[in-house]
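In the working numbering, the protein residues as written are 1 to 357. By construction, the Cβ of each residue, glycine as well, lies at the ideal position given by its N, Cα and C atoms.
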Amino acid sequence: MNSKQIVIVINPGSTSTKVALYNRSELVSEHIIRHSQIDLDQFSKVTDQFDYRYAVVEAGLDKMLSEKDLEIVGIVGRGGIVKPLDGGTYRINEQFLHDAKNGTYGDHASNLGSMLANKLATYYKLNESYTVDPVSAGNIVEKAVLSGVPSIQRNRRGHPLNMKMTARKIAKQQSIHFNDAKYVIAHLGGGISIAAVDGGKIVDVNDALMGMGPFSPNRAGALPSRGVMDLCYSMPRNEVESLLSKNSGLKAYLGVDDLRDVFTLIDGGNKKAQLVYDAFVYQIAKEIGAYHVALKCMANGVIITGGIAYSDRFISDLKEYVKDLTNFFVYPGENEMEALAEGAFRVIDGKEVALEY
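What follows is the structure, given as structure tokens:
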């Protein structure tokens, strides 16, 4: 195994871009580029930031690579909001780039991942670039797509990259082959997605961005239909979208979207904060229970991941609801960079065939 061979990993966030170098066994180097909100505010769409972000990423990579004797064998970027896809590693092609750049299915910072990876591949004289388990990836069973209204399908925008990577780690810990495992996995962060993983595939997941599942620190989650109709007739569409996807949840009720700030309010005697927090935990627990039933109560474990999983207080409160369902695992944070690198190497090493968009 050649430790000098590396893949470059690109993961754009709302105000940062993570850049890392991985070989087949470990992280070689990582750098987080912080972007000033003032710089970002000059762009009307997230993908309009491409040239600005590319310039600083290229410069940062040149510096990282100049200090090491390494061979670049691949480049992989986080996939964005694109059309519904099966899970796996995808070769970035022109149609993928078109949909990401134009926000055909949604304008999100992760859309920049494929765009940056594609141009960097040209810069470093590689023939192709990759993305792994984009936001809309999942092998959703057909019966889970129906909504009750024929013209409306359930969306599947979640955190498949982190979810599948974490599930692989827990399966290994349990000595279960990943393709034989069943898990309910909850990624809890600014967005919340809860999924059923069966046979190595995400077979059902809520829409973490808008319209399904529990409310999050700043997103609305599932809502009563009449209330949504009232909003849509009282506000312009873009204002409704902003409200539901950015200015709801804990933020709307309490003015804060960090759980630590919520606990500060609670500990200061704020009864409203206690009620909202209790509802937050309750809704997440209900969704976990629903997905456990979707797996016919045969899950090998419930897995909690994402940034909120760092909170021992939250985990203790959540366990009061779900601890008796099945095995309970906590794996805080996200494994997106490692998951991207491993997905690229699986294709480079011939263990998987790259999928086409």
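P84, DSSP secondary structure in three states: Residue numbering aside, residue 84 sits at position 84 when the sequence shown is read from its first letter. Looking at P84 - three-state DSSP - the assignment turns out to be coil, as it is neither helix nor strand.
Of the residues I170, G113, S216, A121, the one placed nearest V73, counting alpha carbons only: In the sequence shown, residue 73 corresponds to position 73, counting from 1. Nearest option by C-alpha distance: A121.
Separation of N118 from P12, as counted between CA atoms: Within the sequence shown, the letter at position 12 stands for residue 12. Within the sequence shown, the letter at position 118 stands for residue 118. Their backbone Cα atoms lie some 14 Å apart in a straight line.
Rounded separation between G268 and D207 - CA only: The count along the sequence shown starts at 1 and reaches residue 268 at position 268. The count along the sequence shown starts at 1 and reaches residue 207 at position 207. Cα-Cα distance, rounded: 34 Å.
For I176, the nearest candidate out of P134, D198, G158, P214 (CA to CA): Reading the sequence shown from its first residue, position 176 is the one you call residue 176. The shortest Cα separation from I176 among P134, D198, G158, P214 belongs to D198.
C-beta atoms of V82 and Y52 nearer than 8 Å: For the purposes of this step, residue 82 is identified with residue 82 of the sequence shown, where counting begins at 1. For the purposes of this step, residue 52 is identified with residue 52 of the sequence shown, where counting begins at 1. Result no, Cβ atoms of V82 and Y52 do not sit closer than 8 Å.
Beta-ladder partner(s) of E128, from DSSP: Stepping through the sequence shown from its first residue, residue 128 is reached at position 128. Per DSSP, none; premise fails for E128.
Pick from I152, L61, P84, I140 that is closest to Y124, judged by C-alpha positions: For the purposes of this step, residue 124 is taken as the residue at position 124 of the sequence shown. Minimum Cα distance to Y124 is reached at L61.
Extent of the continuous alpha helix (DSSP H) to which Y282 belongs: For the purposes of this step, residue 282 is taken as the residue at position 282 of the sequence shown. Segment 271-294, the alpha helix (DSSP H) holding Y282.
Exposure of N327, with buried meaning 16 or more beta-carbon neighbours within 10 Å: Numbered from its first residue, the sequence shown carries residue 327 at position 327. Exposed, because fewer than 16 other Cβ atoms sit within 10 Å of the Cβ of N327.
Run of the beta strand (DSSP E) containing R157, from where it starts to where it stops: The sequence position of residue 157 within the sequence shown is 157, counting from 1. No beta strand (DSSP E) holds R157; DSSP gives it neither H nor E.
N300 versus Y183 - alpha carbon distance: On the sequence shown, residue 300 is found 300 positions in, with the first residue counted as 1. On the sequence shown, residue 183 is found 183 positions in, with the first residue counted as 1. About 6 Å.
C-beta neighbour in chain B for D180, strict 8 Å: Of the protein chains in the structure, only one exists, and it is not chain B.
CB contact flag (A309, L188, <8 Å): Position 309 of the sequence shown holds residue 309. Position 188 of the sequence shown holds residue 188. A contact, by the Cβ cut-off of 8 Å.
Sub-8 Å separation of N127 and N335 beta-carbons: Here residue 127 refers to the residue found at position 127 of the sequence shown. Here residue 335 refers to the residue found at position 335 of the sequence shown. It is not a contact, given that the beta carbons lie outside the stated cut-off.
Sequence-distant residues of the same chain with beta carbon closer than 7 Å to S14, five excluded per side: Locating residue 14 in the sequence shown gives position 14, counting from the first residue. Hits under 7 Å: A109.
Y105, enclosing alpha helix (DSSP H) - first and last residue: Reading the sequence shown from its first residue, position 105 is the one you call residue 105. Careful: Y105 lies outside any alpha helix (DSSP H) and carries neither H nor E.
Cβ neighbours of K101 in the same chain (closer than 8 Å, five flanking residues each side left out): Position 101 of the sequence shown holds residue 101. T47, F50, N111, M115.
At least three beta-carbon pairs within less than 8 Å, the stretch 257-271 to the stretch 224-239: no
Inter-stretch contact at 8 Å, needing at least 3 Cβ pairs: the stretch 30-44 / the stretch 303-318: no
Beta-carbon spacing of T131, G191 below 8 Å: Locating residue 131 in the sequence shown gives position 131, counting from the first residue. Locating residue 191 in the sequence shown gives position 191, counting from the first residue. No, Cβ-Cβ distance for T131 and G191 is not below 8 Å.
Option in S151, D180, S29, R156 with minimal Cα separation from S66: As a working note, residue 66 is residue 66 in the sequence shown. Ranking S151, D180, S29, R156 by Cα distance to S66 puts S29 first.
From F215, L355, N93, residue whose alpha carbon lies closest to that of K246: Here residue 246 is taken as the residue at index 246 of the sequence shown, counted from 1. Of the candidates F215, L355, N93, the one whose C-alpha sits nearest the C-alpha of K246 is F215.
Sequence-distant residues of its chain with Cβ nearer than 6 Å to A220 (five each side left out): By 1-based counting over the sequence shown, the position of residue 220 is 220. Cβ neighbours of A220 beyond the five flanking positions: L244, S248.
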